[in-house]
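In full-length UniProt numbering, the protein residues as written are 1 to 200.
For each residue, glycine too, the CB sits at the ideal point set by N, CA and C.
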Amino acid sequence: MWKVMPALAAGCSIVIKPSETTPLTLLRIAELASEAGVPPGAFNVVTGRGTVCGKALTEHPLIAKVSFTGSTPVGKSIARAAADRLTRVTLELGGKNPAIVLKDADPQQVIEGLMLGSFLNQGQVCAASSRIYIEAPIYDRLVAGFEQAVKSLSVGPGMDTGAQINPLVSLAHRNKVAAYLDDARAKNAELIGGAAGPDA
């Protein structure tokens, strides 16, 4: 949404395609935009598979700019299509977001920041802190505090308003997370918090 609002404020019409696994949020936002007075045709939502709808949008001759957040392979495909038509493009592609903790950091402040960075939207956002590097002098203290904070999170169904951690978005994503855990165990990583795996 942070890309949509400036475009609307500048007087541009937008067509946005949400992830096929999470379309309802943007459909509701489109309803709210209409209720708030955004003119018809200015805020448009197209749902469907990226291979069909996303491809049609990125290759359409009337699209003046394409902005994409997602995987690197899809981003490359979009960049190639945009290059053929000299369409402006902004790509925010997959990556790992490190948190680097220096020895003079305030551990409590760091833990609060890491909890937000790691678990906002169940960690299922592109900007989630997926790597944490801690200087040795505060490593043990910080890991212990982070473990305690993680274990204090309440886990529950998606519609449970009291739950802080809800299910993963899809079976495919669950399998991806399980593969990361399996890989970590195979490399002798120590799991410090939470369940032993997605099925636990």
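Does G197 come out as helix, strand or coil in the three-state DSSP assignment?
Sequence index remark: in the sequence shown, residue 197 carries index 197 (1-based). With a pLDDT of 49 at G197, under the threshold of 50, the modelled position of that residue is not reliable, and no figure is offered here.
So, with DSSP's three-state summary, where would you put T47?
Along the sequence shown, one-based indexing puts residue 47 at 47. Residue state, collapsed to three classes: coil.
For N97, which of helix, strand or coil comes out of DSSP?
Locating residue 97 in the sequence shown gives position 97, where the first residue counts as 1. N97 falls in the strand class under three-state DSSP.
If you draw a straight line from the C-alpha of L153 to the C-alpha of M115, how long is it?
Position 153 of the sequence shown holds residue 153. Position 115 of the sequence shown holds residue 115. Rounded to whole angstroms, L153 to M115 spans 10 Å at the Cα level.
Quick check: the region 128-135 against the region 95-111, are at least 3 beta-carbon pairs closer than 8 Å?
yes
C-alpha distance - R80 paired with C53, whole-angstrom precision
What you label residue 80 is simply residue 80 of the sequence shown in a count that begins at 1. What you label residue 53 is simply residue 53 of the sequence shown in a count that begins at 1. Each residue's alpha carbon lies about 17 Å from the other.
Is there contact here, the region 13-22 with the region 32-51, by at least three beta-carbon pairs under 8 Å?
yes
Per-residue burial, I111 [other beta carbons within 10 Å of its own, 16 or more giving buried]
Stepping through the sequence shown from its first residue, residue 111 is reached at position 111. By the neighbour-count rule (16 or more Cβ atoms within 10 Å), I111 is buried.
For G117 and Q108, I'd like the C-alpha separation in whole angstroms.
As a position in the sequence shown, residue 117 is number 117, starting the count at 1. As a position in the sequence shown, residue 108 is number 108, starting the count at 1. About 14 Å.
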